[in-house]
Every structure is written in structure tokens, then in C-alpha cells.
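Following: one structure in C-alpha cells, then a few remarks.
Protein chains in written order, with UniProt numbering: chain D, 1 to 221; chain U, 1 to 221.
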């Protein structure tokens with residue numbers, strides 16, 4: 001009984017890693033669709049979001065069942081509760097990737113992004129993807145260092161967002177209001193993906209150490 | 001033992017209602033700060049967000065302790081898990097209210113909103129506040145109807161957001177890029193507050209009926 005329970009818990013944790021790969025793929029393809037105005041790819045990201053939602057529901061059901069049948073305590077309870085939270089965060093990251101793809105679709109055949117912001121968004125997407133991968137592995141590796149690293153990497157994301165605003169609000173902006181609104185919302189979506197990754201890292205710190213990192217632990221900016 | 005456990009669970013559910021009052025107050029005051037460029041009020045909303053975060057942590061700890069010590073099953077397990085989710089959603093609503101207040105603060109002594117959008121945002125805030133209150137009560141009342149109502153009310157929010165975009169992207173827009181970006185982000189914040197309320201309603205449907213409403217149940221748009 002205990003063995004099968006440990007096995008089920010391990011499977012949940014492994015499946016989190018698997019789910020983070022789906023999210024990473026969504027982030028990358030959404031960005032590609034955005035940068036190249038690729039409508040087929042955009043549509044694919046939007047429809048593939050159902051796979052991420054279904055991974056979410058599946059893992060969640062198994063967590064509920066672990067809670068109900070096995071009544072885990074201490075570290076194992078924390079692991080199950082953290083897993084529940086982390087799948088919700090990843091589902092949200094999937095939604096945000098779909099939002100990026102929807103803006104790409106909305107502006108097709110034009111590109112949503114002005115050329116002078118392409119590099120900024122390309123880098124934002126790389127940072128976001130790195131964070132998704134680290135966050136997805138962190139409960140599996142129980143690596144508290146990586147969890148802390150996520151907060152550091154997030155600082156680059158914040159810098160990128162600030163540069164966007166500088167470009168957006170400078171007197172040289174010639175791309176009009178629509179492009180400005182798109183850029184503001186797109187920047188917000190990537191920033192939120194990164195926030196969720198940071199938050200996932202914090203949950204792992206909690207699982208491993210049993211300690212939260214202060215009042216704002218569970219709350220992402 | 002069982003009695004004290006029921007009592008603890010009831011206290012958690014009551015405290016959710018209490019926490020929703022804090023959130024409702026944050027939404028209302030942030031909107032007031034935004035509409036009147038009231039910097040003191042904006043600062044207050046931003047610093048009071050710590051109270052919402054602390055309610056979050058407190059309720060969450062009690063949920064963990066219920067899970068660990070009482071090993072609830074069936075409906076009670078669902079209630080605890082839903083409560084965990086709902087406090088996280090409300091903490092997020094608090095953050096979003098603080099984001100609204102931060103834009104008010106950033107533009108002070110100017111108003112962030114052009115006059116022709118004030119009515120739209122005033123209504124958005126009313127709808128959001130109604131939704132926060134309904135969502136906060138719904139686990140307590142276990143009223144599945146109200147949970148469904150939330151999705152309906154959310155349609156008005158979507159309509160209001162669409163009107164914003166129409167105004168924002170019309171040729172008559174004379175308020176420049178900065179105001180457009182503020183409006184786009186502010187609209188997004190209110191929309192997300194409403195999404196979280198809908199999502200809270202869905203969790204209550206799950207608690208009461210044991211059924212999720214499809215693949216996208218837990219995912220807010």
C-alpha cells in the first residue's frame with residue numbers, strides 16, 4: 001500500500017516535469033508565431049492549450065485521490081499540496097501563451113510587433129522558457145538553489161519589461177496606439193509567465209524546508 | 001475531536017467571507033483613487049494589501065493543518081482544497097487592486113483615465129465588486145446557482161472591456177500612447193479580478209456536486 005502510494009506520488013511529480021515541457025513548447029511556438037506572423041502556428045498553440053488543461057485536470061484528480069485515500073502528512077502532504085498549486089500555475093502559463101498566440105492571430109497577416117521590439121520579445125521568451133523549464137524540474141529535483149535562482153532570473157524579465165515601456169512611451173514611438181496596446185499586453189503576458197515560475201520555485205522551498213519566505217510567499221506580483 | 005474539526009472547517013469558510021470583504025474594499029478604494037487621483041488612498045490600498053496577504057497565509061496554514069491532522073475525505077476534503085484555492089484567488093484579486101492603485105499613484109497629480117472612459121471603469125469596478133462579494137459568500141452559502149450567476153455577470157465585464165478597446169482604438173483617440181497603455185492594463189486588471197471570481201464559483205460547484213464543468217474548469221481565461 002505504502003509502496004504504491006510512493007509510486008503514485010513520484011508519478012505526479014514526474015508528470016509535472018512532463019507538463020512543463022508542454023508549457024515550454026507553447027511559450028516557444030507562441031513567440032515564433034508572434035515574431036513571424038505565422039497564423040497556422042498561432043492556431044496550433046491555441047488549440048493545443050486543451051492538452052495542457054487536460055494534463056492539469058488529470059494530475060489534479062490524482063492529487064485529490066492521494067489526499068483522500070492516503071492522508072499524507074508532513075513532507076508528503078506538502079508535496080501533494082504544492083503539486084496541486086504548481087499544476088494550476090502551469091495551466092495558467094499555458095493560457096498566457098495562448099493569449100500571445102491570439103494577438104499574433106488577431107494582427108495576421110501583419111506582425112503585431114514593431115521591428116525595434118522584436119529583439120526584446122525574443123529575449124523575453126528565452127528567459128520565460130528557461131524559467132518554465134527550471135520551475136518544472138524543481139519539485140522533482142527538490143533543488144532549493146534553483147528555486148532561489150528563479151527569482152534572480154526574473155530580474156532580467158523585469159528589466160526587459162522596463163525597456164519595453166521606455167521604447168513605448170518615448171517620443172520616437174511612431175507605431176500608433178494599437179501596436180502600443182499590443183506590446184503592453186504582450187509584455188504583461190510574458191511577465192506573468194515568469195511570475196508563475198518564481199511562485200512555483202517558492203512552493204518547492206516550502207515543500208523542502210517547511211518554511212514560507214514571508215507574507216508575500218504565495219502571491220505573485 | 002470531530003466537533004472541533006467541523007468548527008475549524010466552518011471558521012475557515014467564514015474567514016473566506018471575511019477576506020472577500022477586504023478584497024471588496026481594496027477594489028472599491030483602488031477605483032476611487034483612480035477616478036479621483038487620490039494619492040493617499042492609492043498608497044493605503046497598496047500598503048493594505050499586506051493584510052490580504054496575511055489573511056491568505058493564515059487561512060492557508062489552517063487548511064494545511066486540517067489536512068494533516070484530520071485527513072478529511074469526500075465533501076470535506078473538497079471543501080478544504082477549494083478553500084486553499086479560493087484564498088489564493090482572493091490574494092491575487094488583492095494584488096490586482098494594488099496594481100490599479102499603483103497606476104493611480106504613478107500618474108498623480110494627473111488622472112490616469114481620460115474623462116470619456118471614467119463611466120466605463122466605474123461600471124467595471126461595480127461589476128467586479130459585485131462578483132467579489134458573491135464569490136466570497138458562495139462557499140459559505142454552498143449556493144450553486146450563485147456560482148453559475150458569476151459566469152453570467154462576467155459577460156458584462158467582457159462587454160465593458162470590448163467597449164474600452166473600441167474607444168481606445170478609434171480614430172478619435174486623442175490621449176496619446178501613455179494613456180492608452182494605462183487603459184489597456186487597467187482594463188486587464190479588472191477583467192482578471194472578475195475571472196478569479198468566476199473561477200471561485202466553479203470551485204464551489206465542484207465542492208457541492210463533486211463534478212468539474214469540463215476541461216477548462218479550473219482555468220480562468
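Beta carbons are placed, not taken as given, at the ideal position from N, Cα and C, and that holds for glycine.
Here residue 109 (chain D) is exposed, its C-beta having fewer than 16 other C-beta atoms within 10 Å. Residue 145 (chain D) and residue 94 (chain D) have their C-alpha atoms roughly 25 Å apart.
With contact defined as three or more Cβ pairs closer than 8 Å, the region 61 to 72 of chain U and the region 17 to 29 of chain U are not in contact. Rounded to the nearest whole angstrom, the C-alpha separation of residue 102 (chain D) and residue 46 (chain D) is 7 Å.
With a cutoff of 8 Å on beta-carbon distance, residue 124 (chain U) and residue 160 (chain U) are scored as near each other.
Within the region 146 to 180 of chain U, the residues whose Cβ lies closer than 7 Å to any Cβ of chain D are, in chain order, 168, 169, 173, 177, 178, 180. Between the alpha carbons of residue 53 (chain D) and residue 196 (chain D) lies a distance of about 16 Å. DSSP places residue 204 (chain D) inside the alpha helix (DSSP H), whose first and last residues are 176 to 209. Near chain D, meaning a CB-to-CB distance below 8 Å, the residues of the region 52 to 82 of chain U are 53, 54, 56, 57, 60, 64, 67, 68, 71, 73, 74, 77, 78, 81. Burial is judged here by how many other beta carbons sit within 10 angstroms of a residue's own beta carbon; residue 210 (chain U) has fewer than 16 and is exposed. Taken atom to atom, the span from the alpha-carbon of residue 92 (chain U) to that of residue 199 (chain U) is near 12 Å.
Interface flag for residue 184 (chain U) against chain D is set, since a Cβ pair is found closer than 8 Å.
Taken atom to atom, the span from the alpha-carbon of residue 177 (chain D) to that of residue 59 (chain U) is near 43 Å. Taking residue 134 (chain U) as the centre and dropping the five residues before and after it, the same chain places the C-beta of 146, 149, 150, 153, 197, 201 closer than 8 Å to its C-beta, in chain order. Annotated three-state conformation of residue 142 (chain U) is coil, per DSSP. Fewer than three beta-carbon pairs drawn from the region 115 to 132 of chain D and the region 72 to 89 of chain D are found closer than 8 Å, and the two stretches are therefore not classed as touching. Looking at D:64, D:97, D:20, the one whose alpha-carbon comes closest to that of residue 81 (chain U) is D:64. Close partners of residue 188 (chain U) in chain D (Cβ separation under 8 Å): 185, 188. In the structure shown, residue 37 (chain U) falls within a coil segment according to DSSP collapsed to helix, strand and coil. Collapsing the DSSP output to three states places residue 47 (chain D) in a helix. Contact annotation: residue 204 (chain U) and residue 115 (chain U) have beta-carbon atoms that are not nearer than 8 Å. The C-beta distance from residue 182 (chain D) to residue 105 (chain D) rounds to 12 Å, too long to meet the 8 Å contact threshold. A residue is called buried when at least 16 other Cβ atoms come within 10 angstroms of its Cβ; residue 4 (chain U) does not meet this threshold and is exposed.
Under the 10 Å beta carbon count, residue 166 (chain U) is surrounded by fewer than 16 other beta carbons and is classified as exposed.
Shown here for residue 43 (chain U): same chain residues with a beta carbon closer than 8 Å to its own, the five before and five after excluded, namely 101, 105 in chain order. Of all alpha-carbon atoms in D:41, D:190, D:33, the one lying nearest the alpha-carbon of residue 132 (chain D) is that of D:190. Under the three-state reduction of DSSP, residue 28 (chain D) is assigned to helix. The Cβ atoms of residue 192 (chain D) and residue 96 (chain D) lie closer than 8 Å to each other.
In chain order, 168 place their CB closer than 6 Å to the CB of residue 180 (chain U), counting only its own chain and leaving out the 5 sequence neighbours on each side. Membership of residue 97 (chain D) in the alpha helix (DSSP H) is indicated by the continuous run 74 to 107. Residue 34 (chain D) places its beta carbon 8 Å or farther from that of residue 128 (chain D).
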